[in-house]
Amino acid sequence: MSDVKLLTVQTLSTPINAYGKEHTELRLREPTVADVRALKSLPYSFASEDPVPRPLLDVCARYIARLGEVPESAVDQLGMQDFHTLAWAVVSFFISQGSDPAAQSQA
4 MSDVKLLTVQ TLSTPINAYG KEHTELRLRE PTVADVRALK SLPYSFASED PVPRPLLDVC
64 ARYIARLGEV PESAVDQLGM QDFHTLAWAV VSFFISQGSD PAAQSQA
């Protein structure tokens, strides 16, 4: 699996348990089209009046579980700051200049 690109490596403030092992860090690989199709949602939305993406927390949790290869129950064990950091890492992967609705409306 040398083709796997890492999105982020998060050292956890509080260890989590997954598959009977304690984890002190969580490595998320980059999402693929297959991940997006399987989860049937992007991990963010935009409000019409605000160009800043809003993380969809339930969807982010599913991405973290899938990309980190841990069960969703392990994601529920994350400290809030760790979850926040990982959720934004996932959202940030999808955001680009072409995703900015303000820029699109000015084009």
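Position one of the sequence shown corresponds to residue 4 (the numbering used here), numbered consecutively onward.
For each residue, glycine too, the CB sits at the ideal point set by N, CA and C.
It should be emphasised that the depicted structure is a prediction, and the values quoted were computed from it without experimental measurement.
Just reading off the beta strand (DSSP E) that residue i is part of, what are its end residues?
i, result
"Q13", "9-21"
"T27", "24-32"
Measure the CB-CB distance between residue i and residue j and report whether it falls below 8 Å.
i, j, result
"R57", "S48", "yes"
"V39", "L31", "no"
"D85", "L15", "yes"
"V73", "A41", "no"
Under the rule that 16 or more other beta-carbon atoms within 10 Å means buried, what is residue i, buried or exposed?
i, result
"Q13", "buried"
"P18", "exposed"
"V7", "exposed"
"V36", "exposed"
"A77", "buried"
"A68", "buried"
Provide the residue span of the alpha helix (DSSP H) that contains residue i, from first to last.
i, result
"V55", "Run containing V55: none in the alpha helix (DSSP H); it sits in the beta strand (DSSP E), 53-58."
"E75", "75-78"
"S95", "83-97"
Straight-line CA distance for residue i to residue j?
i, j, result
"D61", "V55", "18 Å"
"D53", "G23", "43 Å"
"L70", "I98", "17 Å"
"R63", "A90", "For clarity, residue 63 is Cys in the given sequence; the question names Arg instead. Approximately 5 Å, taken between the alpha carbons."
"V94", "R65", "12 Å"
"S108", "G82", "Since pLDDT at S108 reaches only 43, below the 50 mark, its modelled position is unreliable, and no value is offered."
"H26", "A92", "19 Å"
"T88", "L29", "11 Å"
Quick check: is the beta carbon of residue i nearer than 8 Å to any beta carbon in chain B?
i, result
"F49", "In summary, chain B is missing from the structure at hand, where a single protein chain is found."
Mind checking whether the beta-carbon of residue i lies closer than 7 Å to any heavy atom of the ligand SAM?
i, result
"S99", "Questions concerning the ligand SAM fall outside what the structure shown contains, since it holds no ligand whatsoever."
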